[in-house]
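First comes the structure, then the notes that go with it.
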Amino acid sequence: MDVFDNQNDLIAAVAAAKKADKRIGFVPTMGALHDGHLSLVNMGRREADFVVVSIFVNPTQFAPDEDFEAYPRDTERDISILEGAKVDCAYLPSVDEIYPNGVASNLQAGEAAKGLESEFRPHFFDGVCSVVHRLFEIVQPDVAIFGKKDYQQLMVVREMVKAQRLDIEILGAPIVRDVHGLALSSRNAYLSDAELKVARRLNLILKHDRPTPNAILKAGFDKVDYIEERWGRRLCAAWIGKTRLIDNVPAS
Ligand code: AMP
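Taking numbering that gives the first Met the number 0, I'd label the letters of the sequence shown as residues 0 to 251.
Rendered as structure tokens:
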């Protein structure tokens, strides 16, 4: 596996793969990799001949009071996981390479971004669109894979690709959960053992007939940002202590 921190090296490797008629698959991540990310990589390997995974903790999708500094980072471990998953190329750009004109969002997310996450993280989807668009510009993939765990994000990215008339297929990968049904997330690393027990109740509550914010609070969560149905899914964001979890299930 090649590991690049420089776009020119990456662009050359992708160009060589394209010249050999390979279909390029791309999985953008923020690292602290787990089996959820690996399922996206595996889908990439099924759908493409040459798989690029980026690791970049994107500053524009964090508000000043959010966990950008504390976000878990373990590059060595991530690289060895990607080697094991037979990824062709890992791309770990610097902030300057992604934001050569200064760290700011330069794209506005569309309709799909309205409500839900944006009510609580108004900066978030402009940041996501900006970084994903910039990464697409560098990687030039044929297909890119996003997790349904971040369902609204998947919808926002699909809309952005259409609006920008990019010729990139966007695939949604199923949510990977632990044996208790908790959706895997890099942020689960913040949870204490007691908090983990509470977190594991969320998916069960969401699958109830008519779950209420109160049911989530009763289960031990401290705050519910939203629980709402859209796109045939029931989506929720809730806090345990300082950790914010999101999840979604098919709406019944
Ligand atoms: P992140 O590193 O959190 O930005 O996530 C990178 C990609 O992995 C996004 O497309 C996420 O939706 C996806 N992802 C994260 N956790 C999971 C999971 N448990 N199941 C499926 N996809 C996931």
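Beta carbons: idealized from backbone N, C-alpha and C, even for Gly.
By the Cβ rule, the segment 48-56 counts as touching the segment 73-89, because three or more pairs are nearer than 8 Å. Every beta strand (DSSP E) of 3 residues or more that sits fully in the segment 68-95 is shown, in chain order, as 88-90. Residue side-chain check: Ile174 places its Cβ nearer than 6 Å to a non-hydrogen atom of ligand 1.
Annotation for Ser251: Asp208 place their beta carbon closer than 7 Å to its own, counting only its chain and skipping 5 residues before and after.
For Pro58, the closest of Asp77, Asn105, Met0, Met42 by C-alpha to C-alpha distance is Asn105. For Thr28, the shortest separation between its Cβ and any heavy atom of ligand 1 lies below 6 Å. Between Val248 and Lys206, the C-beta spacing is below 7 Å. Short note on Asp208: C-beta not closer than 6 Å to any heavy atom of ligand 1. For Glu65, no beta strand (DSSP E) encloses it, and the DSSP letter there is neither H nor E. One alpha carbon belongs to His132, the other to Ser93, and they sit about 16 Å apart.
Closest in C-alpha terms to Val26, from the list Ala14, Phe55, Ala214, Val155, comes Phe55. Positions of the alpha helix (DSSP H) runs, each at least 4 residues long and wholly inside the segment 99-140, are given as 116-119, 123-138 in order along the chain. Contiguous alpha helix (DSSP H) elements confined to the segment 15-46 occur at 34-46, taking only those with 4 or more residues. In this structure, Leu244 places its C-beta atom within 7 Å of the C-beta atom of Ala198.
Residue state for Ala218 is assigned as coil, using DSSP reduced to three classes. For Asp1, the enclosing beta strand (DSSP E) covers residues 1-3.
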